[in-house]
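Here is the structure we will look at.
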Amino acid sequence: MLPGLPNNIERYRQTRSEKSVIWHPCFVRRSFAMGTKELFSKPQSPVCAHYVLLSSLTRSIKAPLSTQLALSTFCSFGKLFWVTSVWTNGRRKFSSSQVKGLSVSTIRSSKDMAVSQVRQNFHEDSEAGINKQINWELYASYTYMSMAGYFRRDDVALPGFAKFFEHSSKEEHEHARKLIDYQNQRGGRVVLNPIDKPNRDEWGSGLDALIAALDLEKTVNKSLLELHKIADGHGDAQMCDFLESHYLEEQVESIKEIGDLITQCKRVGPGLGEWHFDRVMHDKST
Numbered sequence: 001m002l003p004g005l006p007n008n009i010e011r012y013r014q015t016r017s018e019k020s021v022i023w024h025p026c027f028v029r030r031s032f033a034m035g036t037k038e039l040f041s042k043p044q045s046p047v048c049a050h051y052v053l054l055s056s057l058t059r060s061i062k063a064p065l066s067t068q069l070a071l072s073t074f075c076s077f078g079k080l081f082w083v084t085s086v087w088t089n090g091r092r093k094f095s096s097s098q099v100k101g102l103s104v105s106t107i108r109s110s111k112d113m114a115v116s117q118v119r120q121n122f123h124e125d126s127e128a129g130i131n132k133q134i135n136w137e138l139y140a141s142y143t144y145m146s147m148a149g150y151f152r153r154d155d156v157a158l159p160g161f162a163k164f165f166e167h168s169s170k171e172e173h174e175h176a177r178k179l180i181d182y183q184n185q186r187g188g189r190v191v192l193n194p195i196d197k198p199n200r201d202e203w204g205s206g207l208d209a210l211i212a213a214l215d216l217e218k219t220v221n222k223s224l225l226e227l228h229k230i231a232d233g234h235g236d237a238q239m240c241d242f243l244e245s246h247y248l249e250e251q252v253e254s255i256k257e258i259g260d261l262i263t264q265c266k267r268v269g270p271g272l273g274e275w276h277f278d279r280v281m282h283d284k285s286t
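Its first residue numbered 1, the sequence shown is counted upward by one per residue in UniProt numbering.
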């Protein structure tokens, strides 16, 4: 446990991978150590940064990303926090003005961070959950885009599968856009996180890609169910209705559709059967 942080800090650990660490707007009372680094707050001039990506800094100061902590929003926990310096072994390595090539937002006063006037019965856990779900939807879109590009290669040449995954990519991107609109409608703040690259670049046969797509859809569905649980736990009936009407039902339909395609693709078999199945998918998507 780091000094100066609340006891329930574990549930605010949101480091997605060892490739990036994100700081959201957060509140702290005093300076605190983070692994081999120290980040210092300015007690007399409360300001705020939306997030700071420190992946390139950690290579310079030889600090493992696993020692860094990604913080979500803390309400009623002291003054606003701004990363001013990165220290290691008692020496300052970087100041905020020296950080080059990193995504650092413009410093804003605490007045700019006032609660939205339209916000009502919208818990900060729901707000953070929506931002997380936006990232999942964009990741799914990114993955389907990779699949579409793969099947349009001259040595793969399955345009029906390519068209299906192109449509899926656009659909997932639309899901993310709709969540962004909803976040603003409820008075939340959109915080976009880095999107992970797909876990592979080669997708094998059409059947292999469909199996990967089914697993992805189930993962996205699990995240949506967790988001619905958060909203329900905070008595947010409006958000529950939004998720049920625009996401949960459609997600189950997508899982069923891909499951059917997997069964049909297995039935026709590889080779000529896969080619014929690709033609059917192409005509169906037209």
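Backbone N, C-alpha and C define an ideal beta-carbon position, used for all residues, glycine too.
Quick check on the burial criterion: 16 or more other C-beta atoms within 10 angstroms. Buried or exposed for K37? The predicted position of K37 is uncertain, since its pLDDT is 33 and thus under 50; a value taken from the coordinates is nonetheless stated next. That one is buried.
Could you compute how far the alpha carbon of F277 sits from the alpha carbon of L227? 36 Å
Measure the C-alpha to C-alpha separation of Y247 and Q238 and round it to an integer number of angstroms. 14 Å
If the criterion is Cβ atoms closer than 8 Å, does the pair N121 and N193 meet it? no
Own chain, CB closer than 7 Å to W203, minus 5 neighbours either side, in chain order: M147, Y150, A209, A212
Option nearest K222 by Cα separation, candidates V268, Q251, D283: The shortest Cα separation from K222 among V268, Q251, D283 belongs to Q251.
Give the DSSP-derived three-state secondary structure of L207 in the structure shown. helix
Neighbour-count burial assignment, Q117, 16 or more Cβ in a 10 Å radius: The residue is exposed, with fewer than 16 neighbouring Cβ atoms inside 10 Å.
Among G187, I195, T143, I180, which residue has its Cα nearest to the Cα of R170? In the sequence as displayed, the identity of residue 170 is Lys instead of Arg. Comparing Cα-Cα distances from K170 to each of G187, I195, T143, I180, the minimum goes to T143.
One question on the structure: do R189 and E127 come within less than 8 Å of each other, judged by their Cβ atoms? yes
How big is the Cα-Cα spacing for R200 and H167? 20 Å
Helix, strand or coil at K178 according to DSSP, with G and I counted as helix: helix
Nearest-angstrom Cα distance between A140 and E257? Distance between the alpha carbons of A140 and E257: 16 Å.
Beta-carbon separation (whole angstroms), I180 vs L214, contact threshold 8 Å: At roughly 26 Å, the Cβ-Cβ gap does not stay under 8 Å, so I180 and L214 are not in contact.
Report the three-state DSSP secondary structure of V252 (helix, strand or coil). helix
Do you know how far the Cα of H282 is from the Cα of Q264? 15 Å
Three-state secondary structure (DSSP) at F122? coil
Is E137 buried or exposed, if buried means 16 or more other CB atoms sit within 10 Å of its CB? buried
Return the residue from the list V156, I230, L216 that minimises the CA-CA distance to P198. Nearest to P198 by alpha-carbon distance, out of V156, I230, L216, is L216.
Under the three-state reduction of DSSP, which class applies to S146: helix, strand or coil? The DSSP-derived three-state label of S146 is helix.
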